[in-house]
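Residues 2 to 425 in the working numbering are what the sequence shown spells out, letter by letter.
Everything on this sheet refers to the single structure shown next.
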Amino acid sequence: MQQEVLQKGVYIISGPNKIRVVSGEVEAIGKKFQKEEGVFIPEGKRIPIEVQTVSVVEIEKQNLVEKVQTRTIPEDWDKVVDYLISKKINSVIIFGEVDTGKTFFSTYIVNKLLAKNLIPSVLDCDTGQSDIGPPSTLGVAVFKKPILFMTEVEPNKLYFVGSHSPSEHFLYYLCGFTKLVKYGIENSDIVIIDTPGWVLGDGGRMLRNSEVEILRSLVTNFVVILLQRKNEVEHLVVTLPKDKVIKLAVSKKASYTSAEERKKLREFVYKKYFSQLEKIELDFDKIKTDRVYFLTGQQVQIQKEIRSSNILWIEKLPGFEGLYVVSEKLLSQKEHEVFKEIYDVKKIRNVTKKDFDNVIVSLLDEEHEVICLGIIEEIDFVNKKMYIYVPKGNENKDIKIVQFGSLKLTSDIKEAGFVEPGIL
């Protein structure tokens with residue numbers, strides 16, 4: 002890296018890039034750099050650094066550095082921390098559209114609260130662009146020191162939603178939200194809730210309003226912070242008293258992130274989480290499954306009339322749910338009718354072995370706490386075993402429950418589509 006003498010002012014550093022402060026006074030997102038301290042900025046991310054005195058900084062890619070004329074952080078942001086302290090707020094929920102800098106704001110507030118000798122926590126609810134924990138999860142972390150990126154910290158607790166979007170996982174999302182808000186309140190002075198940018202339409206309105214209702218039901222002393230360019234999210238707070246709402250301008254640093262950049266950021270976080278993999282073997286008889294029909298019924302024998310290499314597994318599900326059949330290829334309509342007659346059921350749920358391949362799962366202990374995420378390599382229906390890739394260090398954990406999601410991820414950590422929720 003080459004050393005540069007930076008004059009007093011504000012500079013935008015775009016990733017991928019590395020910087021290191023050799024001398025001088027430099028602050029970024031409310032965090033003061035120590036001498037010789039450096040940081041890596043991932044692709045798709047940008048941070049503003051405020052050079053407060055003439056400073057010497059090592060920069061890997063100088064073409065990704067831009068000096069700007071004014072401070073990128075709005076002045077009203079600096080007043081928020083004092084307000085939160087004076088009103089003894091213990092939970093802050095942030096609403097804003099996509100690319101309005103909600104995570105950047107959360108980081109800034111964390112660093113400023115730490116400077117006031119408070120212990121903040123952050124609940125990251127953006128399952129598509131997770132920073133605390135891998136995508137498809139909600140994660141909460143308690144902070145003891147300043148940071149520049151939420152990805153620098155390990156989550157204290159995770160909840161597996163199972164998808165990049167809560168749109169098909171509403172109830173799981175809200176269950177996780179409730180559980181992790183309670184954890185944040187109990188283990189920090191104030192929990193900052195960083196929400197997804199889904200604020201419009203039936204789903205967006207319903208989800209954001211439900212979050213506020215949960216904060217009410219938990220009897221929290223909360224405020225809602227609106228990050229907006231004009232008034233685009235004020236419809237979410239029309240029923241709230243004025244002292245429960247803080248309206249802030251979007252940082253000048255906020256910029257559009259393309260779908261391709263978002264995918265790369267997701268894969269960057271996934272690759273960090275799954276950087277070293279071990280394959281584990283789980284016996285059907287020693288684990289339970291969650292959020293699927295598989296292994297929740299009673300296994301039945303494959304009758305000779307239908308026995309073939311195509312049929313791998315059959316379970317009788319309770320009541321009207323019918324018969325659950327795993328096959329190499331989907332059954333024909335005629336085969337459906339034959340199965341109904343032989344097993345005296347009115348409904349057949351048929352999936353293929355391939356549907357299970359590469360599905361992301363959450364591995365839980367007996368208390369339903371997340372041990373780690375995993376990627377299904379194969380399910381062996383003949384020998385009644387699951388083979389799952391997990392991050393190294395989790396191969397000897399006491400796994401009791403396999404909780405299924407709808408995302409698929411290859412063993413070389415590439416996104417590989419979805420399986421429709423409710424199919425398995």
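We treat Cβ as the ideally placed atom computed from N, Cα and C, and that holds for glycine.
When the Cα atoms are used, what is the spatial distance from residue i to residue j?
i, j, result
"Glu-67", "Leu-331", "56 Å"
"Thr-196", "Gln-404", "23 Å"
"Phe-223", "Leu-124", "14 Å"
"Cys-176", "Leu-216", "13 Å"
"Thr-290", "His-369", "11 Å"
"Gly-39", "Thr-54", "17 Å"
"Lys-248", "Leu-201", "18 Å"
"Phe-357", "Glu-155", "29 Å"
"Thr-108", "Glu-329", "49 Å"
"Lys-117", "Tyr-184", "22 Å"
"Arg-1", "Glu-261", "Here the chain comprises residues numbered 2 to 425, so residue 1 is not present and cannot be evaluated."
"Phe-58", "Trp-78", "First, the amino acid is wrong: residue 58 is Val here, not Phe. One C-alpha to the other measures close to 27 Å."
"Asn-210", "Leu-139", "18 Å"
Does DSSP put residue i in a helix, in a strand, or in coil?
i, result
"Cys-126", "coil"
"Thr-411", "coil"
"Glu-396", "coil"
"Asn-351", "strand"
"Leu-85", "helix"
"Ser-218", "helix"
"Thr-290", "strand"
"Met-387", "strand"
"Asn-18", "strand"
"Glu-1", "Only positions 2 to 425 of the chain appear in this structure, which leaves residue 1 out of reach."
"Ser-131", "coil"
"Val-11", "strand"
"Phe-34", "coil"
"Trp-314", "strand"
"Val-23", "strand"
"Gln-4", "strand"
"Val-57", "strand"
"Thr-138", "strand"
"Gly-198", "coil"
"Ile-186", "helix"
"Phe-405", "strand"
"Phe-41", "strand"
"Pro-422", "coil"
"Pro-167", "helix"
"Arg-47", "strand"
"Lys-180", "helix"
"Gly-323", "coil"
"Asp-381", "strand"
Return the chain-ordered list of same chain residues with a C-beta closer than 6 Å to the C-beta of residue i, the five sequence neighbours on each side being excluded.
i, result
"Glu-396", "Glu-279 and Ile-281"
"Trp-314", "Val-327 and Phe-382"
"Ser-363", "Phe-161, Val-371, Leu-374 and Gln-404"
"Asp-127", "Pro-197"
"Glu-51", "Val-11 and Glu-28"
"Pro-75", "Ala-250"
"Gly-16", "Ile-42, Pro-43, Glu-44 and Lys-46"
"Phe-144", "Val-111 and Pro-121"
"Arg-72", "Val-11"
Identify, in the order they occur along the chain, each residue of the same chain with its Cβ nearer than 8 Å to the Cβ of residue i, setting aside the five sequence neighbours on each side.
i, result
"Glu-306", "Val-339 and Ile-343"
"Arg-263", "Gly-45, Gly-129 and Gln-130"
"Tyr-498", "Only positions 2 to 425 of the chain appear in this structure, which leaves residue 498 out of reach."
"Ile-414", "Glu-268, Tyr-271, Lys-272 and Phe-275"
"Val-346", "Lys-317, Gly-323, Leu-324 and Phe-340"
"Lys-385", "Asp-284, Phe-285 and Asp-286"
"Lys-398", "Leu-364, Asp-366, Ile-372 and Cys-373"
"Leu-266", "Pro-43, Glu-44, Gly-45, Lys-46, Gln-130 and Thr-258"
"Lys-9", "Val-52, Gln-53, Thr-54 and Val-55"
"Lys-33", "Glu-26, Val-27 and Pro-147"
Given residue i, which residues of its chain have a CB within under 7 Å of its CB, disregarding the five upstream and five downstream residues?
i, result
"Lys-62", "Asn-18"
"His-170", "Val-162, Gly-163, Ser-164 and Pro-422"
"Leu-410", "Tyr-271, Asn-359, Ile-361, Ile-376, Glu-416 and Ala-417"
"Gln-299", "Glu-316 and Lys-317"
"Gln-277", "Pro-392 and Lys-393"
"Gly-204", "Ser-168"
"Gln-158", "Rather than Gln, the amino acid found at residue 158 in this sequence is Lys. Val-141, Leu-181 and Tyr-184."
"Ile-30", "Ile-48, Phe-105, Thr-108, Tyr-109, Asn-112 and Leu-149"
"Val-234", "Phe-96, Gly-97, Glu-98, Val-200 and Leu-227"
Flag residue i as yes if its beta-carbon sits less than 7 Å from any beta-carbon of chain B, otherwise no.
i, result
"Lys-158", "Protein chains in the displayed structure number just one, and chain B is not present."
4 or more residues per run - each alpha helix (DSSP H) lying fully within the stretch 94-120 = 103-116
ask   = On the three-pair Cβ rule with 8 Å, is the stretch 83-102 touching the stretch 176-190?
value = yes
request  = Kindly confirm or deny that the stretch 107-127 and the stretch 279-298 touch, where touching means at least three C-beta pairs closer than 8 Å.
outcome  = The stretch 107-127 makes no contact with the stretch 279-298; the number of CB pairs closer than 8 Å stays below 3.
Inter-stretch contact (C-beta, 8 Å, three-pair minimum) for the stretch 346-360 and the stretch 416-425 = yes
ask   = In chain order, which continuous runs of the beta strand (DSSP E) of length 3 or greater are located wholly inside the stretch 224-310?
value = 246-250, 278-284 and 289-291
ask   = What are the start and end residues of each continuous beta strand (DSSP E) run of 3 or more residues lying completely inside the stretch 325-372, in chain order?
value = 349-353 and 360-365
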